[in-house]
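**Student:** Residue numbers (this note's numbering), protein chains in the order written: chain A, 1 to 146; chain B, 147 to 599.
The C-beta atom is built at its ideal place from N, Cα and C for all residues, glycine as well.
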Amino acid sequence: MLELIKAKEKTINILLIEDNQDDVFLIEMAAKECNINGSFVIANNGKTALVILEEIMTGKRNPPDMILLDVNLPKVTGLEVLKHIKNGETTCSIPIVVFTSSDSMADMKYCYENGADLFIRKPNNINGFREIIQYIKNYCFGNRSF
Amino acid sequence: MSFKTPMLHKEQEKPSETAIERTLKKLKAIENIYYVCSNLFTSDIATASHKVLKPFCELTGADYGVILLLKNPGKHIHLEATYGFPDGYMESFNNKYMPSMSSEDIHENWPSVRSMLKRKIVVIKDTSRNNIGFSKYFSEIIHPDEIKSVASVPLVINNKAVGAITNYFVKPHEFNEEELSFMKTTANVITGTIERNHLLEAAKRSERELAQANEVLKQVNQELDSFVYISSHDLREPLRTIESFVSIIQDKLGNNLFPHQQDYLLRIAKATQKMRKLIEDLTHLARATRDTKGKENEQVDLNALLTEVQFELTAFIESRKAEIIIHDTLPVICCSKEKISSVFKNIIANGIKFNKSDKPQLHIKLMQKTGLDPNKICVCVEDNGIGIEKEYYDKVFGLFQRLHAQEEYEGTGAGLAIVKKILERYSCEIWLDSEVGKGSRFYFTLPLGKKDA
Chain A
1 MLELIKAKEK TINILLIEDN QDDVFLIEMA AKECNINGSF VIANNGKTAL VILEEIMTGK
61 RNPPDMILLD VNLPKVTGLE VLKHIKNGET TCSIPIVVFT SSDSMADMKY CYENGADLFI
121 RKPNNINGFR EIIQYIKNYC FGNRSF
Chain B
147 MSFKTPMLHK EQEKPSETAI ERTLKKLKAI ENIYYVCSNL FTSDIATASH KVLKPFCELT
207 GADYGVILLL KNPGKHIHLE ATYGFPDGYM ESFNNKYMPS MSSEDIHENW PSVRSMLKRK
267 IVVIKDTSRN NIGFSKYFSE IIHPDEIKSV ASVPLVINNK AVGAITNYFV KPHEFNEEEL
327 SFMKTTANVI TGTIERNHLL EAAKRSEREL AQANEVLKQV NQELDSFVYI SSHDLREPLR
387 TIESFVSIIQ DKLGNNLFPH QQDYLLRIAK ATQKMRKLIE DLTHLARATR DTKGKENEQV
447 DLNALLTEVQ FELTAFIESR KAEIIIHDTL PVICCSKEKI SSVFKNIIAN GIKFNKSDKP
507 QLHIKLMQKT GLDPNKICVC VEDNGIGIEK EYYDKVFGLF QRLHAQEEYE GTGAGLAIVK
567 KILERYSCEI WLDSEVGKGS RFYFTLPLGK KDA
């Protein structure tokens, strides 16, 4: 019985808003390595992300446990998507991890001011990706703080 | 038809008027015309004509006066201003006649034309004794017999006659030297004013053009900076992917790889690292000229800034057992803290890096320099490093310029280029002197006061 609950707990639904397929690959790989039974919904541009968010807001789709959001996205930027998430009644409480290759202090400030829970520079090695997954794992199974 | 006779004309006949008084009056007249001219901000001789003809005639005592101007092409003669003529005459004259310098009925005997052709003053004391071609064009206003004396002064600009001022006198008029010189002087004042204004306008025009060119240049520069900034960001993305996947191979297969395979991976990793550093430096360089959003004019205490810089470099300073000695209390300056911090960091780090001494020492001093802008200060950072040969003094400030092999001294060679670019932004300079084997002194100026936006 206990094992069953544990197994169920280990499934984390993640909405991954990311246009770089390599990063998607690396995140999924790191998730597997960290024994996260992650279920990823992937939006590879800002517009698709908005469509998915709309589906969540209208109840057509279950809200994810976590949103991983890139900043530099085609069509609609991550910063706009972030605002959208925070403005939605059903989406505003979903934890958001912004991860980006931008080292702009202005972006970081903007993200934190607009409700991002964590802002991380995109790593350049597999260990960095593992760390991000670890953060997510801790957040979802730990004390719900990064 | 009779028109007003100017007052001065009568006054001049008064026997009581002394030569000195007359001279004074003329001087006053020149002064008056000069005043009129100096308030003319135009190179347009037509506008000038209207303003000066009246005072000119009043002072020569002429009964009638005209200013004729030559209009190109074809040297068309245009009546520009009249004195003593009825209102509206000028328009009807210009509509009715279109005399040209090459017209058959224009001949040298017309005093105005003659003065223009000869570029000399033409004086006819008694028309009854000369055959002058006055009659035709003005005969409906002034009967030729009515005129006894004529004087015509050419208006000459750049050695070309552009027109003439002509005075007509009802009574015979003796033109003495003094009067002639007055006329010439006045004509010179008029043409001088026009020439001056022409130059001024040309100067203003080129100033405007320069400002426009500057604006374009500024824009292009900004675009270039944005381009470097954006492209450096985009260049980092694929690099990051390469690094990530190399790290996976190293991580998962590392122990199963042959030594030479491991070596290849290491080389890839090193090369990508180097490229990352180069791109980062490019970004820093581009950033040196970008605004840091409203933080360009902070009040920055240099003493505190230096403490922070030393703190940031702690690990490096300690690893080299370096010592940084600040000799003077430094002022508070107005700048972007981030950028000036970067200036000190680069120069201090260089002083320690390019140093073979067991105990690298850096001295930071405030310099008194003659001829220094009072709104600037001059700082000297002196090291006991390896020094720089004189022929490379300029080269060290070039982008990615390195004087040594990568193995000997690490770095991309962008540091001083970034420093120079930041300082240039504040209209500040950097220079150095150095003695090979003994050390270098880097001098740079910093903005003391508020930087103009």
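Whole angstroms is fine: what's the gap from residue 53 of chain A's alpha carbon to residue 85 of chain A's?
**Tutor:** Approximately 7 Å, taken between the alpha carbons.
**Student:** Would you call the CB atoms of residue 533 of chain B and residue 491 of chain B closer than 7 Å?
**Tutor:** Not closer than 7 Å, so no.
**Student:** Strictly below 7 Å CB to CB, what residues from chain B border residue 124 of chain A?
**Tutor:** Those are 386, 389 and 390, listed as they occur along chain B.
**Student:** Which value, in whole angstroms, describes the spacing of the CA atoms of residue 215 of chain B and residue 168 of chain B?
**Tutor:** Approximately 30 Å, taken between the alpha carbons.
**Student:** Roughly how many angstroms separate the alpha carbons of residue 79 of chain A and residue 88 of chain A, rounded to a whole number?
**Tutor:** For residue 79 of chain A and residue 88 of chain A, the distance between alpha carbons rounds to 15 Å.
**Student:** For residue 211 of chain B, collect the residues of the same chain with a Cβ closer than 6 Å to its Cβ; drop the 5 residues on either side in sequence, then sort them by chain order.
**Tutor:** Excluding sequence neighbours, residue 211 of chain B sits near 199, 203, 229 and 313.
**Student:** Which full runs of the alpha helix (DSSP H) of 4+ residues lie inside the stretch 43-131 of chain A, going along the chain?
**Tutor:** You should have 46-57, 78-87 and 105-113.
**Student:** With the cut-off set at 7 Å, would you say residue 83 of chain A and residue 114 of chain A are in Cβ contact?
**Tutor:** Yes, the pair counts as a contact, with Cβ atoms nearer than the cut-off.
**Student:** Pull out every residue of the stretch 23-36 of chain A whose Cβ sits closer than 7 Å to any Cβ of chain E, in chain order.
**Tutor:** Absent from the structure: chain E. Protein chains present are A and B.
**Student:** Whose Cβ in chain A lies nearer than 9 Å to the Cβ of residue 397 of chain B?
**Tutor:** Near residue 397 of chain B (Cβ distances below 9 Å), the residues of chain A are 125, 126 and 127.
**Student:** Of the residues A/75, A/127 and A/126, which one's Cα is nearest the Cα of residue 18 of chain A?
**Tutor:** Checked all of A/75, A/127 and A/126; the closest Cα to residue 18 of chain A is A/75.
**Student:** Let's test the definition: count the other Cβ atoms within 10 Å of the Cβ of residue 11 of chain A and tell me whether it reaches 16, buried, or not, exposed.
**Tutor:** That one is exposed.
**Student:** Less than 7 Å between CB atoms is the rule here; does residue 579 of chain B satisfy it with respect to chain A?
**Tutor:** Closer than 7 Å: no.
**Student:** Based on Cα-Cα distance, which residue from B/321, B/450 and B/195 lies nearest to residue 207 of chain B?
**Tutor:** Nearest C-alpha to residue 207 of chain B: B/321.
**Student:** So with Cβ pairs under 7 Å, would you call residue 458 of chain B a contact of chain A?
**Tutor:** No, residue 458 of chain B does not count as interfacial toward chain A.
**Student:** For residue 20 of chain A, which residues in chain B fall below 8 Å Cβ to Cβ?
**Tutor:** In chain order: 383 and 387.
**Student:** Could you run through the stretch 358-379 of chain B and flag, in chain order, every residue whose CB is less than 9 Å away from some CB of chain A?
**Tutor:** Those residues of the stretch 358-379 of chain B that come within reach of chain A (Cβ to Cβ, closer than 9 Å) are 379.
**Student:** Quick one: grab the DSSP three-state call for residue 385 of chain B.
**Tutor:** Note: residue 385 of chain B maps to helix in three-state DSSP.
**Student:** So within the stretch 446-512 of chain B, which uninterrupted beta strand (DSSP E) runs reach at least 3 residues, ignoring any that extend past its ends?
**Tutor:** DSSP runs (the beta strand (DSSP E)) wholly in the stretch 446-512 of chain B: 469-472 and 478-481.
**Student:** Going by DSSP, what residues sit across from residue 306 of chain B in a beta bridge?
**Tutor:** DSSP output for residue 306 of chain B lists B/303 as bridge partner(s).
**Student:** Measuring CA to CA, which of A/118, A/14, A/122 and A/125 is closest to residue 56 of chain A?
**Tutor:** Looking at the Cα atoms, A/14 is the closest of the given residues.
**Student:** Select from the stretch 399-431 of chain B all residues with a C-beta closer than 7 Å to any C-beta belonging to chain A, and list them in chain order.
**Tutor:** Flagged: no residues at all.
**Student:** What residues from chain B crowd round residue 101 of chain A, counting only those whose CB sits closer than 8 Å?
**Tutor:** Chain B residues near residue 101 of chain A: 379, 382, 383 and 386.
**Student:** Do the stretch 439-459 of chain B and the stretch 401-412 of chain B meet, that is, are 3 or more Cβ pairs less than 8 Å apart?
**Tutor:** Flag = no, the stretch 439-459 of chain B and the stretch 401-412 of chain B do not touch.
**Student:** Would you say residue 175 of chain B and residue 196 of chain B are within 7 Å of each other, going by their C-beta atoms?
**Tutor:** Not a contact, by the Cβ cut-off of 7 Å.
**Student:** Hey, would you say residue 589 of chain B sits closer than 7 Å to residue 526 of chain B, going by beta carbons?
**Tutor:** Taking 7 Å as the Cβ cut-off, residue 589 of chain B and residue 526 of chain B qualify as a contacting pair.
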